[in-house]
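Here's the structure, in structure tokens; my notes come after.
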Amino acid sequence: MRNCFLKRFLQISSSSRFLNSSRRNKVSAPFIDKEGETAESLRENPGFSYGLNWGLAGKGVIVKDKAFQNLKSSELLAKGATIAGLPLHVRGTLGGNSTISKAQYSKLLKQVTTHISSISNIFVHDGAIGLSPESDAKVRVISDSPSAILSLSRVLWETPTRAVSHDSCPLTVYTATSISTAVEDIIGLGAQGNNGFIAADIERSSLILCGKAFADINGTKLALTALSEPVIFARGGLPLSARLLVSCDSVVLLFAPENAIQSYSDLLVSADAGVVLSPQGVAPLFQTKKLGGINPYRIPSAVILATSDSSGTIPSISKLSPGQAAYHFLAGYQNGEFVPAYYAKGSSYIGVLDLAKTLLSKVKRN
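Just so we're aligned: the sequence shown equals residues 0 to 365 in numbering that gives the first Met the number 0.
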């Protein structure tokens with residue numbers, strides 16, 4: 000199976016490439032067990048729950064009338080949910096594109112929690128980033144809109160509600176879709192446009208989506224990736240900018256240039272670059288519908304590292320030792336630019352060198 004992957008990869012472009020792969024033993028692992036508190040038990044009295052209300056109060060949000068938790072897609076649609084899918088001009092702290100001070104974020108958070116507290120119906124959704132109960136990052140979304148919940152429920156993996164409530168470091172996402180556009184001026188950010196903006200504070204483990212920002216799925220995933228890194232890393236997981244290929248009973252971890260990745264689209268578990276590698280296995284960061292009942296959560300049977308160079312700077316594969324090939328991959332040389340393929344865009348917690356060392360350690364251990 001691995002040879003089939005390699006042969007197909009070599010055929011996708013005439014550019015010079017090198018590839019390194021290593022065999023790994025496969026270990027199957029079950030999906031998350033949904034034991035404990037269920038959504039049905041929470042909805043015995045729809046819109047009201049003492050436990051949920053107290054939990055929200057701890058996050059600065061006071062339930063004025065009702066709070067709906069973990070509604071199904073059909074129920075969210077019945078509440079008026081829609082997904083606009085509009086392009087947004089995102090501002091926040093990610094990737095150095097924009098900055099927000101600690102004081103500004105604190106002021107924004109106060110504005111947002113006060114706004115959500117003034118809404119009659121509050122919507123809450125619990126999920127996770129990653130599939131491993133041991134190394135995933137639990138997420139609670141608090142929103143003034145069912146549309147935002149519907150959108151984010153398609154991004155996060157499902158997880159038992161009790162797992163989020165009892166987690167030691169859950170991420171909190173606040174979506175304020177109907178908050179005044181004047182909030183940017185109030186906190187000193189300046190005009191951000193009419194669509195809204197994204198702001199994140201890694202130290203607080205919280206994310207704020209204002210206006211229509213929830214419709215910017217790519218921006219939201221980028222923010223969630225950066226926020227989840229410290230939690231996942233502390234729990235023994237390693238967030239990587241890689242893809243998963245699944246064929247029969249085999250799972251392959253693939254690091255490769257974007258143009259090569261697209262040639263594998265029919266085999267990719269997810270179009271997004273983002274996985275968590277843990278001692279239990281590897282799985283996508285975010286929910287994907289392409290699994291088709293296949294459980295990808297296992298140790299990869301092969302790891303493929305690839306780079307490309309149309310300028311001829313990198314020697315051909317026949318002239319490189321495995322160590323030299325690994326060095327070029329570590330440097331991340333991609334057609335004249337040094338961009339390590341395993342390093343997630345917008346990553347702000349784990350340094351490139353530390354990430355490379357940890358990846359090497361995990362590959363050797365497994």
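Where is the CB? At the ideal position from N, CA and C, for every residue including glycine.
Straight-line CA distance for residue i to residue j?
i: residue 133; j: residue 231; result: 9 Å
i: residue 147; j: residue 195; result: 13 Å
i: residue 127; j: residue 214; result: 19 Å
i: residue 46; j: residue 119; result: 10 Å
i: residue 385; j: residue 352; result: Outside the shown range of the chain (0 to 365) lies residue 385, about which nothing can therefore be said.
i: residue 272; j: residue 175; result: 28 Å
i: residue 182; j: residue 100; result: 15 Å
i: residue 111; j: residue 104; result: 10 Å
i: residue 64; j: residue 158; result: 26 Å
i: residue 184; j: residue 238; result: 35 Å
i: residue 395; j: residue 168; result: No answer is possible for residue 395: it lies beyond the span of the chain, which begins at 0 and ends at 365.
i: residue 67; j: residue 78; result: 10 Å
i: residue 264; j: residue 60; result: 42 Å
i: residue 31; j: residue 256; result: Bear in mind that a pLDDT of 37 at residue 31, under 50, signals an unreliable position, so the number given afterwards is only what the model happens to contain. Going from the Cα of residue 31 to the Cα of residue 256 covers about 32 Å.
i: residue 358; j: residue 48; result: 43 Å
i: residue 364; j: residue 318; result: 28 Å
i: residue 234; j: residue 228; result: 10 Å
i: residue 129; j: residue 361; result: 17 Å
i: residue 281; j: residue 162; result: 20 Å
i: residue 102; j: residue 320; result: 52 Å
i: residue 40; j: residue 204; result: Reliability of the predicted coordinates at residue 40 is poor, the pLDDT of 46 falling under 50, and the value obtained from them is presented with this limitation in mind. Going from the Cα of residue 40 to the Cα of residue 204 covers about 28 Å.
i: residue 197; j: residue 302; result: 34 Å
i: residue 109; j: residue 180; result: 15 Å
Excluding five sequence neighbours on each side, which residues of the same chain lie with their C-beta closer than 7 Å to the C-beta of residue i?
i: residue 24; result: Its pLDDT being 36, under 50, residue 24 is placed unreliably by the model, and nothing is read from it.
i: residue 54; result: 164
i: residue 58; result: 141 and 171
i: residue 62; result: 52, 55 and 121
i: residue 75; result: 145, 148 and 149
i: residue 166; result: 137
Beta carbon of residue i, beta carbon of residue j: below 7 Å?
i: residue 107; j: residue 186; result: yes
i: residue 252; j: residue 241; result: yes
i: residue 304; j: residue 254; result: yes
i: residue 243; j: residue 266; result: no
i: residue 246; j: residue 300; result: no
I'd like the list of long-range same chain contacts for residue i, defined as Cβ closer than 6 Å, with 5 residues on each side in sequence excluded.
i: residue 178; result: 114 and 209
i: residue 236; result: 134, 275 and 277
i: residue 173; result: 111, 141 and 207
i: residue 216; result: none
i: residue 50; result: none
i: residue 37; result: Low per-residue confidence applies at residue 37: pLDDT is 44, beneath 50, and the placement is therefore not dependable enough to give any value.
Please return the same chain residues whose Cβ sits closer than 8 Å to the Cβ of residue i, not counting the five positions on each side in sequence.
i: residue 124; result: 68, 69, 70, 139, 140, 142, 148, 151, 152 and 155
i: residue 260; result: 242, 253, 267 and 272
i: residue 356; result: none
Would you say residue i reaches chain D, if we count a Cβ-Cβ gap shorter than 7 Å as a contact?
i: residue 246; result: Among the chains in the structure shown there is no chain D, since it carries only a single protein chain.
Measuring CB atoms only, is the segment 103-117 touching the segment 145-164, in the sense that at least three cross pairs come out at less than 8 Å?
no
Under 8 Å: do the segment 269-288 and the segment 219-237 share three or more Cβ pairs, one atom per stretch?
yes
Of all the beta strand (DSSP E) runs that stay within the bounds of the segment 185-270, which reach a length of 3 or more residues?
195-200, 205-210, 237-239, 242-246 and 249-254
Completely contained beta strand (DSSP E) runs for the segment 153-177, where each covers 3 or more residues:
170-175
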